[in-house]
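The structure under discussion appears below in the form of structure tokens.
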Amino acid sequence: PTINPGSAEVVLTVTVKYTLN
Amino acid sequence: RSVTVNGEGRVSLPPDTAYIALGVDIRDPDLGVAQRTAAEQMDAVLAALRAAGVAEKDIQTGAYSIYVERDYNQPNQPIIGYHVSHSVTAKIRDLNATGSTLAAAIDAGANNVSGVWFGLENPGDAIAQARELAVADARAKAEDLARLSDSTLGPVLTISEGYS
């Protein structure tokens, strides 16, 4: 059969807390 | 005084590894026959996988099970046979060979294919790239929020990461 690999996706999230001046 | 933001980084790239899960399902009134047939047929499937270039270390037994089959229409539900199921997962490093490897295994006797999926062998670089994008995204959001509220951003207080 024909196999299509398509694309792989790496998803990374960050939560950042900054001081506010 | 602080601002907390979420940033996301996505990196899309072609997979470099395929996995196929396949095996044999054999039914026979005699358990010994079913078991032997499954063993022989699976040996032929494994030989076909090796001949197609799949390394021994990239073949892993996924499941082996035996079920009793009964005739539930009869009052005493007599045993009418046995079902032997044996499957492996094969890791395919040459993606172009995925279809032909699958076909070779089926030709050799595989009569149960339960899945094909893909992955990245070394996702480290992609993760690092996604991390940079996520932090830049978070920073841009935080700067926007600071500007919109007539403030400026100071140092980072906390940072945490999630990955999928």
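Which chain is which? The protein sequence lines are A and B, in order.
Using the numbering used here, the letters of the first sequence correspond one by one to residues 23 to 43.
Using the numbering used here, the letters of the second sequence correspond one by one to residues 90 to 253.
Don't be surprised by glycine CBs; every beta carbon is placed ideally from N, CA and C.
Bear in mind the structure is a predicted one, so any value in this text is a computation, not a measurement.
Q.
For the pair the region 151-161 of chain B and the region 171-182 of chain B, tell me if three or more CB-CB distances fall below 8 Å.
A. yes
Q: Measure the CB-CB distance between B/L242 and B/A225 and report whether it falls below 7 Å.
A: no
Q | Environment of B/V157 [buried if 16+ CB atoms lie within 10 Å] | A | exposed
Q) With 7 Å set as the bound, which would you pick, yes or no: does the beta-carbon of B/V143 sit closer than that to a beta-carbon of chain A? A) no
Q) Within 7 Å (strictly less), CB to CB, does A/N43 reach chain B? A) yes
Q: Please classify B/I248: is it buried, with 16 or more other beta-carbons within 10 angstroms of its beta-carbon, or exposed?
A: exposed
(Q) Looking at chain A, is there any beta carbon in it that lies within less than 7 Å of the beta carbon of B/R220? (A) yes
Q. In the region 235-253 of chain B, which residues sit with their C-beta less than 9 Å from some C-beta in chain A, listed in chain order?
A. A235, S238, S240, T241, L242, G243, P244, V245, L246, T247, I248, S249, E250, G251, Y252, S253
Q) Residues bridged to B/D117 by DSSP? A) B/Y171
Q: To the nearest angstrom, report how far apart B/N95 and B/L102 are at their CA atoms.
A: 23 Å
Q) What residues in the region 186-216 of chain B have a beta carbon less than 8 Å from any beta carbon of chain A? A) T187, G188, L191, A192, V205, F207, G208, L209, P212, A215, I216
(Q) Give me the subset of the region 95-112 of chain B whose CB atoms are less than 7 Å from a CB atom of chain A, sorted by chain position. (A) N95, G96, E97, G98, R99, V100, S101, L102, P103, P104, A107
Q.
Please classify B/L237 as buried or exposed, where buried requires at least 16 other C-beta atoms within 10 Å of its C-beta.
A. exposed
Q) Is it right to say B/R159 is buried, meaning 16 or more other beta carbons lie within 10 angstroms of its own, or is it exposed? A) exposed
Q: Just tell me which of B/V100, B/G121, B/M131 has its CA closest to the CA of B/V202.
A: B/M131
Q. In chain C, what lies closer than 8 Å to B/S91 by C-beta?
A. Note that chain C does not occur in the displayed structure, where the protein chains are A and B.
(Q) Check whether chain A comes within 7 Å of B/V134, counting only Cβ atoms and requiring the distance to be less than that. (A) no
Q: Measure how close the beta-carbons of B/G188 and B/D117 come, nearest whole angstrom, since I'm counting them as under 8 Å.
A: Not really, about 31 Å apart at Cβ, beyond 8 Å.
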